[in-house]
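Let me begin by presenting the structure, written as structure tokens, before commenting on it.
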Amino acid sequence: MKIRTFMILTGGVLLILLIAAWSVYLFNFTAQWKARESRNLAVGILRDVQQLSTLTQEYELYGSERAKIQWLAKQAGLATSIRDADFSEEQDKAAIAGLQAQNAQISQDFAKLMEIRSDSNAGSMQAELGDAVLSHIMLVLQDMTSQAVNLSDTFGNKVAAAQLNTFLLMNVSISLVTGYLAFISITLWRRLIRPLNMLKTGTDRIAKGNLEYRVGISTKDEIGDLSRSFDTMAGKLHDSYQALRMERDALDVRVLERTRDLQEREQSLKLLTSRQEAILAAVPDIIAEVDNNKTYTWANPAAIRFFGEHMLGKEAASYFEGEQDTYIKVQPLFTGDPNVIYVESWQRRRDGERRLLAWWCRMLQDKDGNVKGALSSAQDITERKLAEQEIRRLNAELEQRVQERTAQLAAANRELEAFAYSVSHDLRAPLRGIDGWSLALKEDCKDKLNEKESEYLDLVRSETQTMGRLIDDLLMFSRQSRAEMRQEPLDMTAMVEAIVSRLQRQNPSIQAEFIIRPGLTALGDAGLIDIALTNLLNNAVKFSSKRPGAVIEFGRVEQDRRKPFFVRDNGAGFDMAYADKLFGVFRRMHKSSEFPGTGIGLASVQRIINRHGGRVWAEAKLNEGATFYFTLKEAI
Amino acid sequence: MKNKIILLVEDNPSDVKLTKRALEQNQIVNKVIVAEDGREALDYLLGTGQYAGRDVRDFPAVVLLDLKLPRIEGLEVLKQIRTNETTKLIPVVILTSSDQEEDLIASYKLGANSYIRKPVDFHQFAEAVRTLGMYWLLLNEPPPQK
Chain A
9 MKIRTFMILT GGVLLILLIA AWSVYLFNFT AQWKARESRN LAVGILRDVQ QLSTLTQEYE
69 LYGSERAKIQ WLAKQAGLAT SIRDADFSEE QDKAAIAGLQ AQNAQISQDF AKLMEIRSDS
129 NAGSMQAELG DAVLSHIMLV LQDMTSQAVN LSDTFGNKVA AAQLNTFLLM NVSISLVTGY
189 LAFISITLWR RLIRPLNMLK TGTDRIAKGN LEYRVGISTK DEIGDLSRSF DTMAGKLHDS
249 YQALRMERDA LDVRVLERTR DLQEREQSLK LLTSRQEAIL AAVPDIIAEV DNNKTYTWAN
309 PAAIRFFGEH MLGKEAASYF EGEQDTYIKV QPLFTGDPNV IYVESWQRRR DGERRLLAWW
369 CRMLQDKDGN VKGALSSAQD ITERKLAEQE IRRLNAELEQ RVQERTAQLA AANRELEAFA
429 YSVSHDLRAP LRGIDGWSLA LKEDCKDKLN EKESEYLDLV RSETQTMGRL IDDLLMFSRQ
489 SRAEMRQEPL DMTAMVEAIV SRLQRQNPSI QAEFIIRPGL TALGDAGLID IALTNLLNNA
549 VKFSSKRPGA VIEFGRVEQD RRKPFFVRDN GAGFDMAYAD KLFGVFRRMH KSSEFPGTGI
609 GLASVQRIIN RHGGRVWAEA KLNEGATFYF TLKEAI
Chain B
44 MKNKIILLVE DNPSDVKLTK RALEQNQIVN KVIVAEDGRE ALDYLLGTGQ YAGRDVRDFP
104 AVVLLDLKLP RIEGLEVLKQ IRTNETTKLI PVVILTSSDQ EEDLIASYKL GANSYIRKPV
164 DFHQFAEAVR TLGMYWLLLN EPPPQK
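Protein chains in written order, with the numbering used here: chain A, 9 to 644; chain B, 44 to 189.
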């Protein structure tokens, strides 16, 4: 049961008890009051009867008018008292009814007596009758007195009984209430004080650190709830404390680790500091520090050696040689620019010598991030600068010379072009004449010439035509050297295939089999490479034309580092002893009667390949064929 | 067509004679006017100088023009023929010893109708002359006369 419910119930019971006790007391008090009233009435009646008795005797003795009036008034008062009496007991009601009747009797008797006594003529008989009436009155009064005394006694007893009842009732009530209060006290102590003490003990224990302690009250009242909450709280406290302790342990471990780290770092910092000092002392570069006023605040030994004195406290500008904008250039450092600024500045040393320093400057900050100056390292670049100037001068001179030479070359080229034009045009014209007129002579004088003379004319024409071919080849050769060259990616396979089909078209009698490797590319001038390849393939066809089963191959040697292309035939070949003469102009390996030619072709090939930055060479064996190799740049 | 003139602009007398011989051998009997330099050729075509008063509307069927000429170069002659209203439609065949690519390109750019390189071998030369005569004198329809 909840304590609150218990309190309400006990309070209610107590209230009912008190109301009951009060009601009984009140009832008792009323009865007592009524008994007291009745007794007073009875006493009043008794007093009135006594007085009537006295007044009767007084009237008899003295016959006074006053006694008669008083008697009549008293008797009327007595009648009223008797009439007003309100008694509940039958016995009392009978007694009062008797009294009422007796009072009426004496009233009649006293009237008779007054009539007798007031008659002055009355005789002795009359006197005797009066005496009898009087004695009757006295007797009745005597009885009435007795009756009144009885009534008075009865009611006196009733009052005493009521008083005793009240006393007993009071005692019982007090005992009951006291007992009940004791019961409540004990119950409350059991259910409230004891558990509270237990809770207080628990609190004290937990406060002293015994987090395992539990109060353990399992009642279903508020204290039980409180105890359970308390125990839950203690449990949580225990858990939190447990977690906290674990964390603290972990923290301890971390602190230990951190401490060890810091010690190691301090150790390495010491090393570093020592290393830094060594570096700053050992570097040949000048290293110096200025504050925000550009006054030197620190310098390494190299700086002091360079300037010939310690620069501490001197402004950087005091060493400047000549007008310079160094301060303007480095100004961003002093407004917080974190970049390294490069500046070259002429300095005058203590010994008076002018030197050019290249400075790399960077701002310095204090630990709050405010700019407190700049640190600069510098190198003496005087010699380098002078050398650079010299190189620049030489370069300019060289450029000048190159331009002059180029101009000369251009002029020579123009002359050569004019020459070639003349050769092309003017040298060929007379040849055409010689040929034409020889033929004219032969045709027109057919009948006059003998066979030998006719043959001579044929020889003249043949030589003339050879001369014409020589001129043509020479022209082409000179044009190859002069032509503009464009480097572009070339499909070498496709080019060779095109040249071969062209050769076959021009000379349908070619028997040779061609083996052309697919997918070969290079970088070069399409026109010039075409001429070179045509020459090489033409040669291969020419020198293998007299051999059955001729095979001409175009490919590339992948094994060789230079990766040369090659054109190979299995024809006449040549003696390697003459290989060095192979690429000279007008150089020929074979007799004209065997293989016709002008001796220009391979010279052209070499010139073209050389212009491309490549090399050309040949390998051959007499009567077994020849292989011509050439290199070109790789196509990108 | 047979009486149409051929204007041969050529300074080398040997070549002139060879050309004429080649024409004759190929039965091309048109009258050949020879101009020995560019000036003379232009005078003939425009009716100026020594040809003052010539009826310029009677223009040749074809002009055989060498490039390397005294006084006015062949290419300049070609240029003037093509810029002049009266002569701009005349067929011009370049007949030269030069096989320079520049000459070839410049000639066609200036409006040459054909470019023939004179070979050393007379047989080949005669063949070339025959072909050009055949084409320009027999097959080609000349521009209308004004």
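Glycine included, every Cβ here is placed at the ideal spot set by N, Cα and C.
If you're wondering where the values come from, they're calculated on a predicted model, not measured in any experiment.
Asked, Found
"A:D538 and A:M503 closer than 9 Å at C-beta", "yes"
"Run of the beta strand (DSSP E) containing A:Q387, from where it starts to where it stops", "V379 to D388"
"C-beta neighbour in chain A for B:Q70, strict 9 Å", "no"
"Own chain, CB closer than 6 Å to B:K45, minus 5 neighbours either side, in chain order", "In this predicted model, B:K45 has a pLDDT of only 49, less than 50, meaning its place in the structure is not dependable; the value taken from the coordinates is given anyway. The answer is none, since no qualifying residue turns up."
"Unbroken beta strand (DSSP E) run spanning B:P103, endpoints", "Unbroken run through B:P103: none, as it is neither H nor E."
"Rounded separation between A:K42 and A:I114 - CA only", "29 Å"
"Beta-carbon proximity of A:A580 to A:L531, cut-off 9 Å", "no"
"Rounded C-alpha distance that separates A:E265 from A:E230", "51 Å"
"Outcome for A:Y249 when other beta-carbon atoms lying within 10 angstroms are tallied against a minimum of 16", "exposed"
"Interface flag, B:L111 vs chain A, CB-CB below 9 Å", "It is worth fixing the name first, because residue 111 of chain B is Lys in this sequence and not Leu. Yes, contact with chain A."
"Range of the contiguous alpha helix (DSSP H) that encloses A:Y335", "T334 to V338"
"Cutoff 7 Å; reference A:A534; Cβ partners in own chain excluding five residues on either side", "E496 and L498"
"Members of the region 159 to 180 of chain B that neighbour chain A once the beta carbon cut-off is set at 8 Å", "K161, P162, V163, D164, F165, H166 and F168"
"Positions along the region 534 to 551 of chain A whose CB lies within less than 9 Å of some CB in chain B", "none"
"Straight-line Cα distance separating A:G187 from A:L22", "11 Å"
"Three or more C-beta pairs below 8 Å linking the region 91 to 99 of chain B and the region 47 to 67 of chain B", "no"
"Proximal chain A residues relative to B:S57, where beta-carbon distance stays under 8 Å", "A437, P438, R440, G441, G444 and W445"
"Bounding residues of the beta strand (DSSP E) (the contiguous stretch that carries A:Q373)", "R362 to Q373"
"A:F574 burial status per 10 Å Cβ neighbour count (16 or more: buried)", "buried"
"Under 9 Å (Cβ pairs) to chain B, residues found in the region 467 to 480 of chain A", "R469, T472, Q473, M475, G476, R477, I479 and D480"
"Contact residues within the region 447 to 465 of chain A, judged by C-beta distance below 7 Å to chain B", "L447 and A448"
"Contacts that B:R64 makes with chain A (C-beta to C-beta distance below 8 Å)", "G444 and A448"
"Helix, strand or coil at B:G81 [DSSP, three-state]", "helix"
"CA-to-CA distance, A:S462 to A:S553, given in whole angstroms", "31 Å"
"Test: B:L182 CB closer than 9 Å to a CB of chain A", "no"
"Chain A residues whose Cβ lies nearer than 8 Å to that of B:S140", "S432, H433, D434, R436, A437 and R440"
"Alpha-carbon spacing of A:K166 relative to A:Q155, whole angstroms", "17 Å"
"Buried versus exposed call for A:Q355 [16 or more other C-beta atoms within 10 Å across all chains shown]", "buried"
"Option nearest A:I349 by Cα separation, candidates A:I336, A:D92 and A:E361", "A:I336"
"Contacting residues, own chain, Cβ-Cβ under 7 Å from A:D212 (five flanking each side not counted)", "none"
"B:A65 vs B:R160 beta-carbon contact at 9 Å", "no"
"Reduced DSSP secondary structure (H/G/I, E/B, other) of B:M44", "With a pLDDT of only 46 at B:M44, under 50, the local geometry of the prediction cannot be trusted, and the value read off the model is given with reservation. If DSSP states are grouped into helix, strand and coil, B:M44 belongs with coil."
"Extent of the continuous beta strand (DSSP E) to which A:S72 belongs", "From DSSP, A:S72 is part of no beta strand (DSSP E); its letter is neither H nor E."
"Three-way DSSP call (helix, strand, coil) for A:S282 in this model", "helix"
"Under the three-state DSSP convention, the category A:A156 falls into", "helix"
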